[in-house]
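Shown next, in structure tokens, is the structure this report addresses.
Number of protein chains: 2
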Amino acid sequence: MNAEIIAIGSELLTPFRQDTNSLFLTERLNQLGVEVVIKTIVGDSRERLTSVAQHALLRSDIVIFMGGLGPTEDDLTREAVADALGVGIRRDEDLLKKLAERFAARGYKLTPNNYQQADVIEGAVVLPNPNGSAPGQWIKGKYEGRERIVILLPGPPFELKAMFDEQCRDRLRATLPPAFIATRVLKVAMMGESLVDSRVAPIYKQYKDVQTTILAGAGDVQFNLFSQADTMEAAQDRVDELAGKIEDELGDALYSSKGESLEQIVGYYLQMRNATLAVAESCTGGLLAERITSISGSSRYFVGGAIVYSNELKTEFAGVPAGMISKYGAVSREVGTALAEGIRSRTGATLGVGITGVAGPTGGTPEKPVGRVYVALASAEGTEIEERNFPGDRKRVRWFSTQLALDMVRRKLM
Amino acid sequence: MNAEIIAIGSELLTPFRQDTNSLFLTERLNQLGVEVVIKTIVGDSRERLTSVAQHALLRSDIVIFMGGLGPTEDDLTREAVADALGVGIRRDEDLLKKLAERFAARGYKLTPNNYQQADVIEGAVVLPNPNGSAPGQWIKGKYEGRERIVILLPGPPFELKAMFDEQCRDRLRATLPPAFIATRVLKVAMMGESLVDSRVAPIYKQYKDVQTTILAGAGDVQFNLFSQADTMEAAQDRVDELAGKIEDELGDALYSSKGESLEQIVGYYLQMRNATLAVAESCTGGLLAERITSISGSSRYFVGGAIVYSNELKTEFAGVPAGMISKYGAVSREVGTALAEGIRSRTGATLGVGITGVAGPTGGTPEKPVGRVYVALASAEGTEIEERNFPGDRKRVRWFSTQLALDMVRRKLM
Chain A
15 MNAEIIAIGS ELLTPFRQDT NSLFLTERLN QLGVEVVIKT IVGDSRERLT SVAQHALLRS
75 DIVIFMGGLG PTEDDLTREA VADALGVGIR RDEDLLKKLA ERFAARGYKL TPNNYQQADV
135 IEGAVVLPNP NGSAPGQWIK GKYEGRERIV ILLPGPPFEL KAMFDEQCRD RLRATLPPAF
195 IATRVLKVAM MGESLVDSRV APIYKQYKDV QTTILAGAGD VQFNLFSQAD TMEAAQDRVD
255 ELAGKIEDEL GDALYSSKGE SLEQIVGYYL QMRNATLAVA ESCTGGLLAE RITSISGSSR
315 YFVGGAIVYS NELKTEFAGV PAGMISKYGA VSREVGTALA EGIRSRTGAT LGVGITGVAG
375 PTGGTPEKPV GRVYVALASA EGTEIEERNF PGDRKRVRWF STQLALDMVR RKLM
Chain B
15 MNAEIIAIGS ELLTPFRQDT NSLFLTERLN QLGVEVVIKT IVGDSRERLT SVAQHALLRS
75 DIVIFMGGLG PTEDDLTREA VADALGVGIR RDEDLLKKLA ERFAARGYKL TPNNYQQADV
135 IEGAVVLPNP NGSAPGQWIK GKYEGRERIV ILLPGPPFEL KAMFDEQCRD RLRATLPPAF
195 IATRVLKVAM MGESLVDSRV APIYKQYKDV QTTILAGAGD VQFNLFSQAD TMEAAQDRVD
255 ELAGKIEDEL GDALYSSKGE SLEQIVGYYL QMRNATLAVA ESCTGGLLAE RITSISGSSR
315 YFVGGAIVYS NELKTEFAGV PAGMISKYGA VSREVGTALA EGIRSRTGAT LGVGITGVAG
375 PTGGTPEKPV GRVYVALASA EGTEIEERNF PGDRKRVRWF STQLALDMVR RKLM
């Protein structure tokens with residue numbers, strides 16, 4: 015089964031905004047065994063919208079429209095879809111009454127521009143919208159002799175998601191042939207995409223029936239496995255078998271085999287070991303602490319730390335001797351080590367992380383170029399330190415540095 | 015002049031990836047006076063791609079294809095566009111030679127699957143790609159009797175951006191009627207979108223010739239003004255006049271009138287006043303420091319601070335008396351104030367910021383619900399503190415809190 019998604023709204027054709035609803039819908043449709051084959055973004059022009067609707071109806075089994083259902087004269091989806099289908103529109107008196115009640119409950123009077131929100135395409139089922147005033151519509155019928163399902167959803171993500179999950183998913187499932195889908199997400203830290211892929215591609219290429227999508231970020235590679243089979247067990251077996259082989263190949267470079275984030279995994283390990291963590295960050299400026307504390311409940315294992323941006327604070331908060339900084343420089347193996355050890359002893363945490371480096375774009379020297387970062391991890395057994403030259407801009411260097419720090423903590427606790 | 019943008023690649027039809035190149039191209043096209051009217055995302059299917067190309071060529075003056083120019087059998091853009099135009103393809107021997115040289119320089123041999131990267135659509139100008147192996151193509155001609163410009167660009171953002179800016183922009187400018195465009199970006203902190211809009215809409219609605227786009231984030235509203243006129247002066251005058259009226263209406267709620275970020279503005283002010291800043295963050299966990307240090311050169315005015323996630327560290331790093339925490343609670347007006355004053359005196363910075371609150375989703379109580387945050391700013395003149403109940407999830411509460419803190423610093427220095 016194929017679907018097309020059409021997002022409507024001139025604001026989605028500016029340099030500032032992007033359709034994101036379609037990612038949600040694609041995930042949901044994939045779970046029903048439906049493939050999204052074309053996405054279109056079109057402005058508030060009745061002619062263009064009708065043209066786009068007609069082409070989609072000719073090509074695809076399911077066509078989902080998002081947006082353009084509101085009360086303004088720019089909201090043309092109902093009219094354009096009716097035009098494309100070659101059917102009329104009726105004003106639903108019952109809907110009109112409910113709209114008036116909704117407005118009255120909020121102390122407003124229903125104004126004439128709102129009446130069009132009660133317009134229903136001939137043959138459509140109305141999808142009530144508990145989260146907004148524009149209802150959706152569901153149409154199942156023939157177009158040029160072929161069976162089609164047409165769905166109109168409101169544009170605001172909160173309204174769209176609720177309406178799809180509560181009113182469209184089961185309707186679609188009842189209509190479509192049963193689909194048995196299994197997915198798995200595997201994640202790898204601090205290995206380049208091409209290196210990971212060169213090791214894993216020979217494995218997943220043997221699983222033609224499992225769709226493998228690779229996403230790469232700074233210091234992070236993610237494998238999304240997707241399998242559709244004749245039974246749930248068969249689908250699950252296939253992704254699990256492939257996931258197992260990838261796990262065997264990558265070993266402990268793989269930090270997650272069920273989609274957890276690196277921050278979550280580090281939190282699990284710290285709790286499991288009954289350990290606590292403190293950080294002293296220079297070039298990452300708080301990013302490591304921010305990532306750790308983005309997890310709710312992180313206060314159980316994260317005590318805090320210091321952002322030691324100035325040399326004085328490196329001494330004040332992490333006890334780095336001023337003489338060491340002037341001798342070796344703030345960006346050095348010695349200062350990185352001292353930051354980790356100093357913050358650990360100062361806070362009494364089980365583990366201490368120290369980061370110092372040149373995030374750029376300025377501040378680089380021939381000896382210590384932009385991207386040079388030292389990440390140290392201090393524990394009761396001693397201190398380990400990594401020296402790296404990370405590529406990319408300031409943001410990327412900072413991200414890489416925190417990714418390495420989290421991965422070092424993970425490996426330490428494994 | 016109208017344009018359509020077509021992004022090609024099955025990975026763009028998964029729940030994981032999104033076309034972002036089109037935002038860049040839209041900005042560039044708008045600057046040339048070209049409006050983007052439809053965007054399409056299509057997979058690696060020759061039939062669908064040809065169909066999409068034909069519809070676009072019928073409707074729009076300029077059609078830009080992105081991606082699908084590589085060496086694999088999934089790279090079908092050249093063939094599909096030639097099909098749609100009804101013309102042939104020739105293999106360019108000169109291109110083939112250059113490809114072979116490029117490969118040889120990297121120590122590789124040109125394999126047969128790469129030959130198709132030397133395929134050129136009849137009538138096309140080749141656009142060399144210094145950043146990758148797939149060249150682009152430029153075709154100017156008639157389609158069904160109408161003048162059309164067709165551009166094929168590679169998918170990787172780095173390659174696409176360089177090729178457009180270096181090889182397409184001037185070509186387009188030479189072809190299109192001259193366009194005189196002026197833009198302005200205005201930003202407001204810590205005012206709700208509907209409140210800002212209710213005050214500003216009566217103003218910008220009088221400027222029908224200036225396109226005003228409003229973007230709202232947590233504690234941030236941005237106005238993008240866009241004007242096209244017969245001369246550059248006229249366009250600039252119109253956006254400047256409207257910007258001036260919006261500035262008058264919003265007063266010092268407006269923090270930027272040329273697009274700068276709040277972090278940048280705070281940095282400008284601190285340097286202008288020869289002042290320094292330190293922070294003590296509890297619930298924001300380093301996010302405030304991370305935002306401040308995302309600006310290159312922030313070490314000139316930001317000394318650092320402490321992430322005081324545990325109560326012990328509130329005492330250890332910011333000197334908050336343990337008795338105060340047990341008496342009033344860690345999330346309290348008193349502790350917020352003590353954090354700001356403590357970190358200021360401890361670091362010797364001109365200004366000290368303290369943040370404590372309940373970011374959620376857990377940890378709320380009837381007295382101190384999720385979203386309750388105290389942000390304090392200490393200076394030589396004393397300490398000011400704000401109590402807020404921010405809406406939304408953990409991420410949003412944390413963002414709002416740092417936005418308020420930055421805005422308090424800005425207002426203090428104004």
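Protein sequences, first through last, are from chains A and B.
Its first residue numbered 15, the first sequence is counted upward by one per residue in the working numbering.
Its first residue numbered 15, the second sequence is counted upward by one per residue in the working numbering.
The beta carbon of each residue, even a glycine, is placed where N, CA and C say it ideally should be.
Proximity below 8 angstroms, CB of residue i to CB of residue j
| i | j | result |
| --- | --- | --- |
| Gly81 of chain A | Ala132 of chain A | no |
| Glu25 of chain B | Ile52 of chain B | no |
| Gly362 of chain A | Glu355 of chain A | no |
Residue i versus residue j - alpha carbon distance
| i | j | result |
| --- | --- | --- |
| Val384 of chain A | Gly374 of chain A | 5 angstroms |
| Glu61 of chain A | Glu93 of chain A | 10 angstroms |
| Ala70 of chain B | Leu190 of chain B | 19 angstroms |
| Met338 of chain B | Gln236 of chain B | 40 angstroms |
| Asp75 of chain A | Arg162 of chain A | 5 angstroms |
| Glu295 of chain B | Val317 of chain A | 12 angstroms |
| Arg185 of chain A | Ile153 of chain A | 11 angstroms |
| Tyr323 of chain A | Gly299 of chain A | 7 angstroms |
| Glu326 of chain B | Gly319 of chain A | 11 angstroms |
| Tyr157 of chain B | Ser65 of chain B | 15 angstroms |
| Arg412 of chain B | Ser212 of chain B | 27 angstroms |
| Glu277 of chain A | Gln417 of chain B | 24 angstroms |
| Lys291 of chain B | Leu268 of chain B | Going by the sequence as given, residue 291 of chain B is Leu instead of Lys. About 22 angstroms. |
| Glu173 of chain B | Gly100 of chain B | 28 angstroms |
Terminal residues of the beta strand (DSSP E) in which residue i lies
| i | result |
| --- | --- |
| Gly281 of chain B | Counting along the chain, Gly281 of chain B falls outside any beta strand (DSSP E), though it belongs to the alpha helix (DSSP H) covering 276-286. |
| Glu161 of chain B | 160-167 |
| Asp133 of chain B | 133-135 |
| Gln151 of chain B | 150-157 |
Closest by C-alpha distance to residue i, when choosing among the options
| i | options | result |
| --- | --- | --- |
| Gln225 of chain A | A:Val199, A:Thr54, A:Thr298, A:Arg213 | A:Val199 |
| Ser147 of chain A | A:Lys156, A:Val139, A:Ala119, A:Glu161 | A:Ala119 |
| Leu427 of chain A | A:Glu173, A:Val77, A:Met286, A:Arg105 | A:Met286 |
| Ile217 of chain B | B:Ile195, B:Asp262, B:Ala176 | B:Asp262 |
| Thr364 of chain A | A:Gly378, A:Phe414, A:Cys297, A:Ala289 | A:Ala289 |
| Gly368 of chain A | A:Thr125, A:Arg73, A:Lys328, A:Gly362 | A:Lys328 |
| Glu207 of chain B | B:Glu401, B:Ala230, B:Thr351 | B:Ala230 |
| Met177 of chain A | A:Val210, A:Ser241, A:Phe79 | A:Phe79 |
Cβ of residue i within 8 angstroms of any chain A Cβ
| i | result |
| --- | --- |
| Thr54 of chain B | yes |
| Pro29 of chain B | yes |
| Asn238 of chain B | yes |
| Gln131 of chain B | no |
| Phe404 of chain B | no |
| Phe178 of chain B | no |
| Pro375 of chain B | yes |
| Gly311 of chain B | yes |
| Ser324 of chain B | yes |
| Val317 of chain B | yes |
| Leu194 of chain B | Sequence inspection shows Phe at residue 194 of chain B; the Leu mentioned does not correspond to that position. No - not a single Cβ of chain A is within 8 angstroms of the one on Phe194 of chain B. |
Residue-chain proximity (residue i, chain B), Cβ-Cβ < 8 angstroms
| i | result |
| --- | --- |
| Leu365 of chain A | no |
| Ile321 of chain A | yes |
| Asn44 of chain A | yes |
| Gly300 of chain A | yes |
| Gly371 of chain A | no |
Residue i - containing alpha helix (DSSP H), residue span
| i | result |
| --- | --- |
| Ile260 of chain A | 246-264 |
| Val349 of chain B | 347-361 |
| Ile217 of chain B | 207-218 |
| Thr64 of chain A | 60-73 |
| Thr189 of chain A | 183-189 |
| Leu99 of chain B | 91-99 |
| Glu180 of chain B | Per DSSP, Glu180 of chain B belongs to no alpha helix (DSSP H) and is neither H nor E. |
| Ser241 of chain B | Careful: Ser241 of chain B lies outside any alpha helix (DSSP H), inside the beta strand (DSSP E) at 234-243. |
| Gly371 of chain B | Here Gly371 of chain B belongs to no alpha helix (DSSP H); instead the beta strand (DSSP E) covers 365-371. |
| Gln14 of chain A | Look at the range of chain A in this structure, 15 to 428, and you will see that residue 14 of chain A is not part of it. |
Residue-chain proximity (residue i, chain E), Cβ-Cβ < 8 angstroms
| i | result |
| --- | --- |
| Arg410 of chain B | The structure shown has no chain E; the protein chains it does contain are A and B. |
Residue i CB to nearest heavy atom of the ligand HEM below 7 angstroms
| i | result |
| --- | --- |
| Gln131 of chain A | This structure lacks the ligand HEM; in fact it carries no ligand of any kind. |
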